[in-house]
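Each residue of the sequence shown is one higher than the last, beginning at 128 in this note's numbering.
The structure under discussion appears below in the form of structure tokens.
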Amino acid sequence: MKAIAFDLGDTLIEYEGLPLSWEAHYGEALLSLATFLGFKLTNDQLEAACAVLRRYNTRIHPRTDEVSFAQIARELTGCFEHQFPDDELVYASVFFDIFRQRLQCFPEVPAVISALRARSLRLGIFTDVPYGMPRELVMEDLVETGLQNSFDTILTSRDSGHRKPSPVSLGLLAGYMECQPSEMVYVGNEKKDMDAARAAGCHAILIDRKGHGNNWGQDRTITALTEI
Numbered sequence: 128m129k130a131i132a133f134d135l136g137d138t139l140i141e142y143e144g145l146p147l148s149w150e151a152h153y154g155e156a157l158l159s160l161a162t163f164l165g166f167k168l169t170n171d172q173l174e175a176a177c178a179v180l181r182r183y184n185t186r187i188h189p190r191t192d193e194v195s196f197a198q199i200a201r202e203l204t205g206c207f208e209h210q211f212p213d214d215e216l217v218y219a220s221v222f223f224d225i226f227r228q229r230l231q232c233f234p235e236v237p238a239v240i241s242a243l244r245a246r247s248l249r250l251g252i253f254t255d256v257p258y259g260m261p262r263e264l265v266m267e268d269l270v271e272t273g274l275q276n277s278f279d280t281i282l283t284s285r286d287s288g289h290r291k292p293s294p295v296s297l298g299l300l301a302g303y304m305e306c307q308p309s310e311m312v313y314v315g316n317e318k319k320d321m322d323a324a325r326a327a328g329c330h331a332i333l334i335d336r337k338g339h340g341n342n343w344g345q346d347r348t349i350t351a352l353t354e355i
């Protein structure tokens with residue numbers, strides 16, 4: 128193998144205590160966004176805005192094409208009856224900060240990355256972003272966890288326009304790391320990670336920290352990244 132690529136959330140880092148579906152926290156995030164925009168949400172506006180977010184919740188409605196948060200914000204504008212600033216990153220930061228408050232890196236990650244580097248392997252990340260989250264916020268998460276300089280290539284679904292289980296992004300990632308998909312390992316924690324890796328022709332490794340024992344067609348299962 129020439130390269131190892133990783134999923135990001137719940138593989139290298141986590142938003143501690145946050146479930147895979149963020150629906151329970153919609154209200155808090157939307158109220159924070161309304162405060163930023165300078166108005167108070169009515170109950171009807173809040174429910175309408177929550178309905179918009181549910182439509183883009185890939186845990187409820189899976190999709191393989193990606194959207195931007197600006198696109199979601201355009202729909203929220205109709206609910207809020209208030210305009211968003213032109214700069215997507217400004218209001219996206221307000222919205223996503225609610226979910227990112229307990230960000231942490233899994234403890235074994237820095238040592239594992241150093242060990243893989245010592246083996247002259249190319250290292251990459253491909254991650255699906257939630258609700259079209261801008262790349263800049265992903266990079267902020269990597270900075271906060273000390274991983275910003277650990278990878279040769281970092282690709283998000285916003286960059287590629289494709290979400291897992293589509294294999295397109297892993298094919299792109301392999302190209303950026305100057306290898307064939309068959310020469311790349313992809314490590315992730317979900318079924319869609321394994322499906323994407325297999326469809327792209329990569330070696331699929333499932334990280335199963337809690338020992339659920341799922342069989343999603345992976346080539347190998349590990350319970351800690353130190354087992355790579």
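The beta carbon of each residue, even a glycine, is placed where N, CA and C say it ideally should be.
Of the listed residues the options, nearest to residue i (C-alpha basis)
i    : options                : result
E143 : E174, T254, F233, F222 : F233
H209 : Y258, G298, A161       : A161
E155 : F222, D192, V194, E141 : F222
E141 : E193, R229, A175, F163 : R229
P189 : T353, R347, G338, S293 : S293
P257 : S159, A238, G251, E193 : E193
G259 : L157, A323, L158, Y183 : Y183
F207 : D213, I199, S247, A176 : A176
Y153 : V179, G165, T254       : V179
R227 : L248, G251, L203, P146 : P146
E305 : T204, L250, R262       : L250
Cβ distance (whole Å) where residue i is taken to contact residue j below 8 angstroms
i    : j    : result
I131 : L243 : 6 angstroms
R290 : T138 : Their Cβ separation, rounded to whole angstroms, is 16 angstroms, which puts R290 and T138 out of contact at 8 angstroms.
T283 : L300 : Their Cβ separation, rounded to whole angstroms, is 11 angstroms, which puts T283 and L300 out of contact at 8 angstroms.
Terminal residues of the alpha helix (DSSP H) in which residue i lies
i    : result
G298 : 295-303
V314 : Here V314 belongs to no alpha helix (DSSP H); instead the beta strand (DSSP E) covers 311-315.
E215 : 215-224
L274 : From DSSP, L274 is part of no alpha helix (DSSP H); its letter is neither H nor E.
Residue range of the unbroken beta strand (DSSP E) whose run includes residue i
i    : result
T169 : That residue, T169, is in no beta strand (DSSP E); it is neither H nor E in DSSP.
A132 : 130-133
L333 : 330-334
R347 : 347-349
Opposing strand residues paired with residue i [DSSP bridges]
i    : result
C232 : I140
G251 : A132, T280
Within the stretch 138-181, note down every full beta strand (DSSP E) run reaching 3 residues or more, in order along the chain. 140-142
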